[in-house]
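Heads up: the sequence shown at position 537 corresponds to 537 in the UniProt record's numbering, and the numbers run straight through without jumps. Every residue, glycine too, gets a C-beta built ideally from N, C-alpha and C. These notes concern the structure reproduced below.
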Amino acid sequence: MSNTQGDLASLSRFIFRAPSWYSSIAFALLIAAFAGIAAFDSRFVLEDAWEGVFYIGVPTVVASLLTPPVDRLFGGQLTPNRASLLALTCELVVVVVLTTAGALAVLTPLSQTFVFDALIAALASIFALRLLVVMAVSHDSLVTAIVPASIQTVAAAVLLFVYSGTLRLFEVGGTLTDVYLSRANQAPAEITVVGPETFVLLAVTCVLYVGSVYLFLVVIDRPWRSSLGVSVLDFLRGFVGHIAEGTDELEEFFEQLGEEAVVPVTVLAFREPGGIEKARFVLPMIHPGPMGEIGGGNLPERVAKDADGLAFPPHATAGHDFNLVTAREVETIIDAADRALDRLEYTSDATRSYRASHGEATLIGQAFGEDAFMAATYAPAFADDVEYAVGLSTRAEARSGGLEDVLLADAHNCNNGLDGGDLGHVTPGSKRSFDMIQAAGDLGTALADAERHPLRLGVAWDRTDWTATDGIGPLGIRVAVTEVDGQRTAYVLVDGNNMEPGLRDRLVSHLTSALPVDDAEALTTDTHIVNTVEAVNQVGTAIDAESLCDAVEAVTREALDDVEPVEAGMATERAEVTVFGNDRTETLASHANAMMSMGGALAAVFILAVTAISGLIFFLA
Numbered sequence: 001m002s003n004t005q006g007d008l009a010s011l012s013r014f015i016f017r018a019p020s021w022y023s024s025i026a027f028a029l030l031i032a033a034f035a036g037i038a039a040f041d042s043r044f045v046l047e048d049a050w051e052g053v054f055y056i057g058v059p060t061v062v063a064s065l066l067t068p069p070v071d072r073l074f075g076g077q078l079t080p081n082r083a084s085l086l087a088l089t090c091e092l093v094v095v096v097v098l099t100t101a102g103a104l105a106v107l108t109p110l111s112q113t114f115v116f117d118a119l120i121a122a123l124a125s126i127f128a129l130r131l132l133v134v135m136a137v138s139h140d141s142l143v144t145a146i147v148p149a150s151i152q153t154v155a156a157a158v159l160l161f162v163y164s165g166t167l168r169l170f171e172v173g174g175t176l177t178d179v180y181l182s183r184a185n186q187a188p189a190e191i192t193v194v195g196p197e198t199f200v201l202l203a204v205t206c207v208l209y210v211g212s213v214y215l216f217l218v219v220i221d222r223p224w225r226s227s228l229g230v231s232v233l234d235f236l237r238g239f240v241g242h243i244a245e246g247t248d249e250l251e252e253f254f255e256q257l258g259e260e261a262v263v264p265v266t267v268l269a270f271r272e273p274g275g276i277e278k279a280r281f282v283l284p285m286i287h288p289g290p291m292g293e294i295g296g297g298n299l300p301e302r303v304a305k306d307a308d309g310l311a312f313p314p315h316a317t318a319g320h321d322f323n324l325v326t327a328r329e330v331e332t333i334i335d336a337a338d339r340a341l342d343r344l345e346y347t348s349d350a351t352r353s354y355r356a357s358h359g360e361a362t363l364i365g366q367a368f369g370e371d372a373f374m375a376a377t378y379a380p381a382f383a384d385d386v387e388y389a390v391g392l393s394t395r396a397e398a399r400s401g402g403l404e405d406v407l408l409a410d411a412h413n414c415n416n417g418l419d420g421g422d423l424g425h426v427t428p429g430s431k432r433s434f435d436m437i438q439a440a441g442d443l444g445t446a447l448a449d450a451e452r453h454p455l456r457l458g459v460a461w462d463r464t465d466w467t468a469t470d471g472i473g474p475l476g477i478r479v480a481v482t483e484v485d486g487q488r489t490a491y492v493l494v495d496g497n498n499m500e501p502g503l504r505d506r507l508v509s510h511l512t513s514a515l516p517v518d519d520a521e522a523l524t525t526d527t528h529i530v531n532t533v534e535a536v537n538q539v540g541t542a543i544d545a546e547s548l549c550d551a552v553e554a555v556t557r558e559a560l561d562d563v564e565p566v567e568a569g570m571a572t573e574r575a576e577v578t579v580f581g582n583d584r585t586e587t588l589a590s591h592a593n594a595m596m597s598m599g600g601a602l603a604a605v606f607i608l609a610v611t612a613i614s615g616l617i618f619f620l621a
């Protein structure tokens with residue numbers, strides 16, 4: 001993950017799940033009651049509170065209850081929880097504005113007219129805010145978004161119209177009109193000064209604010225449409241929906257960006273002599289991202305659920321350009337893995353494990369029959385994703401020595417997060433890529449020429465008490481121990497996204513010194529379940545290293561006790577899937593980060609300009 005991509009993922013910290021709609025309404029009514037006590041001056045405190053609830057709280061309740069069905073009527077998808085939270089926020093804006101204006105009216109020569117001018121500005125402002133939010137999370141069309149966005153402002157205006165007695169000034173109507181549409185005798189004296197000019201100003205101000213919102217959205221949307229061919233509103237709608245409500249709207253956005261790709265899906269399965277599957281390694285050459293359960297973010301867990309034996313889904317040699325665009329694509333991967341499983345030819349012969357190093361790259365590998373498992377690491381140096389092209393070249397070089405098939409995993413076990421200038425990406429043409437290719441060639445030759453002996457295997461796993469916030473996904477800690485010709489090798493798979501520097505070395509050293517294990521390697525799945533809120537949440541960031549070592553040791557002991565004769569088989573199938581595509585992830589991340597960094601400043605400019613124009617309109621009026 002690059003700095004840019006990390007900044008994009010970290011934006012999720014600004015998004016939270018909306019509280020229940022009834023909680024927002026209850027809080028809104030409470031705020032309205034206190035505001036009424038402060039604003040009105042009747043004989044009784046409870047009467048003031050009731051007037052606050054009626055004149056301030058009722059528009060909020062109306063907006064909370066009516067916005068979702070009206071929004072859906074026009075093709076939107078605003079939920080009751082989101083609508084109620086938005087209405088509450090707008091009520092707070094009105095209360096703050098009126099409180100500030102009232103204080104200024106008392107402390108300065110400003111009259112009550114200033115307070116009502118501030119009220120008009122506040123009602124227009126919440127209309128603009130609601131319009132911006134509704135378009136961001138629910139609508140593409142400005143025209144259709146105006147209707148649900150205007151509900152709170154219209155509700156407040158209707159109350160002012162009825163209870164200010166404005167209709168009497170037109171000298172129209174009869175008994176029914178007086179009873180239902182002109183009730184100034186039942187209203188507090190504070191609002192009876194409202195006249196027709198108030199509503200004219202409100203309408204003019206709302207039109208001005210609508211134009212400003214539209215212009216603002218056009219300005220921030222233009223770079224997205226010109227370079228990506230999509231709207232920023234689609235991204236915002238999907239991003240907020242996923243983080244706040246758990247929807248799949250973000251996947252619909254990613255589908256617009258996707259490109260078709262063909263990826264190898266390799267399966268290495270172990271079975272007991274009786275034919276019962278004991279363990280299954282599944283490695284599709286895709287990236288489990290971009291975040292949470294979006295796309296292939298939860299691929300490791302999906303693979304685990306499909307396996308009969310204990311599943312091991314290590315990280316493949318692929319970067320963020322090979323993120324699956326939707327979770328539906330995972331089914332295509334699973335289908336390819338099942339086809340590979342059906343083609344397996346099992347053997348009971350295997351080699352001892354070997355290591356090969358070149359430059360910063362080190363690979364551990366073990367052959368099962370004429371096929372081999374390999375895992376690459378750059379520890380103690382920092383490394384993140386290995387690019388797809390580098391992985392394909394490395395596999396080809398590993399087979400050049402005589403192996404038939406290779407399952408090549410990126411151990412993904414040592415990185416310094418997003419700090420420093422070297423993020424550890426292994427890109428085509430880099431020295432690191434050639435280090436890996438050379439080491440794989442040496443290892444492939446050694447494994448092809450090595451003697452075969454009977455294979456024994458033991459596996460174990462522990463869900464652990466750690467959660468995604470601790471950097472550990474639902475697959476916990478999984479260990480496979482092979483025993484060939486008296487040599488025991490432990491492969492530790494932690495369901496996390498990379499490891500803190502030095503942790504991998506400590507785990508390997510701990511296992512080989514504390515247990516009858518000759519060699520070991522620690523790998524992570526690169527699950528993005530742990531990155532829903534935090535951009536960087538590596539294994540070892542929140543977990544004490546000693547505690548993790550103890551947990552891994554306990555699982556490895558169970559695997560050692562489970563060692564028994566097995567047969568192994570490997571096969572590869574190809575899957576046609578839709579992925580982000582070349583440079584799309586970086587481009588998307590760059591645009592999103594630029595929008596966040598510049599959007600605030602741009603919004604401030606628009607607000608100042610609109611405020612100045614609004615002030616001029618009020619002055620002239």
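{"Asked": "CB residue 330 to CB residue 461, shorter than 8 Å?", "Found": "no"}
{"Asked": "Going straight from the alpha carbon of residue 358 to that of residue 441, what length do you get?", "Found": "10 Å"}
{"Asked": "Within a Cβ cutoff of 6 Å, which residues of the same chain sit near residue 262, ignoring the five residues on either side of it in sequence?", "Found": "574 and 576"}
{"Asked": "Using a Cβ distance threshold of 8 Å, determine whether the segment 479 to 486 contacts the segment 350 to 357, with at least three qualifying pairs required.", "Found": "yes"}
{"Asked": "What residues in its chain sit with their C-beta under 8 Å from that of residue 115, if we drop five residues either side in the sequence?", "Found": "98, 101, 102 and 105"}
{"Asked": "Just the C-alpha distance for residue 449 and residue 408, rounded to the nearest angstrom, thanks.", "Found": "19 Å"}
{"Asked": "At what residues does the alpha helix (DSSP H) containing residue 436 begin and finish?", "Found": "431 to 449"}
{"Asked": "Please work out which residues of its chain come closer than 7 Å, Cβ to Cβ, to residue 476, disregarding the five sequence neighbours upstream and downstream, and give them in chain order.", "Found": "461, 462, 463, 464 and 495"}
{"Asked": "Around the Cβ of residue 69, are there at least 16 other Cβ atoms within 10 angstroms (buried) or fewer (exposed)?", "Found": "exposed"}
{"Asked": "Tell me, to the nearest whole angstrom, how far the beta carbon of residue 260 is from that of residue 578; I am working on the premise that it is less than 8 Å.", "Found": "6 Å"}
{"Asked": "Does DSSP put residue 77 in a helix, in a strand, or in coil?", "Found": "coil"}
{"Asked": "At which residues does the beta strand (DSSP E) containing residue 145 begin and terminate?", "Found": "From DSSP, residue 145 is part of no beta strand (DSSP E) but of the alpha helix (DSSP H) over 142 to 149."}
{"Asked": "Which partner residues does residue 364 have in the DSSP bridge list?", "Found": "355 and 375"}
{"Asked": "Pick from 90, 159, 511 and 497: whose alpha carbon is nearest that of residue 623?", "Found": "What is shown of the chain runs 1 to 621, which leaves residue 623 out entirely."}
{"Asked": "Measuring straight from C-alpha to C-alpha, what distance separates residue 499 and residue 384?", "Found": "10 Å"}
{"Asked": "Terminal residues of the continuous alpha helix (DSSP H) containing residue 574?", "Found": "No alpha helix (DSSP H) holds residue 574; the beta strand (DSSP E) holding it covers 567 to 579."}
{"Asked": "Counting C-beta neighbours from all protein chains within 10 Å, is the total for residue 540 16 or more, i.e. buried, or is it exposed?", "Found": "buried"}
{"Asked": "Can you pull the DSSP bridge partners for residue 260?", "Found": "578"}
{"Asked": "Quick one: what's residue 454 bridged to in DSSP?", "Found": "349"}
{"Asked": "Could you give the residue range of the alpha helix (DSSP H) that holds residue 390?", "Found": "388 to 399"}
{"Asked": "Less than 8 Å between the CB atoms is what I'm expecting for residue 28 and residue 57, so what's the real figure, rounded?", "Found": "6 Å"}
{"Asked": "Which value, in whole angstroms, describes the spacing of the CA atoms of residue 387 and residue 396?", "Found": "15 Å"}
{"Asked": "Just reading off the beta strand (DSSP E) that residue 282 is part of, what are its end residues?", "Found": "277 to 284"}
{"Asked": "So what's residue 487 in DSSP terms, helix, strand or just coil?", "Found": "strand"}
{"Asked": "DSSP on residue 383, reduced to helix/strand/coil?", "Found": "coil"}
{"Asked": "Since residue 444 and residue 401 should fall inside the 8 Å C-beta cutoff, what is the C-beta to C-beta distance between them, to a whole number of angstroms?", "Found": "4 Å"}
{"Asked": "Measure the CB-CB distance between residue 152 and residue 120 and report whether it falls below 8 Å.", "Found": "no"}
{"Asked": "Please classify residue 564: does DSSP put it in a helix, a strand, or coil?", "Found": "strand"}
{"Asked": "Give the range of the beta strand (DSSP E) segment to which residue 230 is assigned.", "Found": "It is not in any beta strand (DSSP E) - residue 230 carries neither H nor E in the DSSP assignment."}
{"Asked": "To the nearest whole angstrom, what separates the beta carbons of residue 135 and residue 129, a pair I think is in contact under 8 Å?", "Found": "Actually they do not touch by this definition, with Cβ atoms about 11 Å apart."}
{"Asked": "Which residues in the same chain as residue 95 place their Cβ atom closer than 6 Å to its Cβ, once the five residues preceding and following it in sequence are excluded?", "Found": "35"}
{"Asked": "Out of curiosity, what's the CA-to-CA distance linking residue 321 and residue 287?", "Found": "8 Å"}
{"Asked": "Can you give the Cα-Cα distance for residue 517 and residue 298, rounded to whole angstroms?", "Found": "31 Å"}
{"Asked": "State the DSSP-derived secondary structure class of residue 505, mapped to helix, strand or coil.", "Found": "helix"}
{"Asked": "Thinking just about the alpha-carbon of each residue, which of 458, 390, 473 and 146 is nearest to the one in residue 439?", "Found": "390"}
{"Asked": "Rounded to the nearest angstrom, how far is the Cβ of residue 271 from that of residue 567, given a contact under 8 Å?", "Found": "5 Å"}
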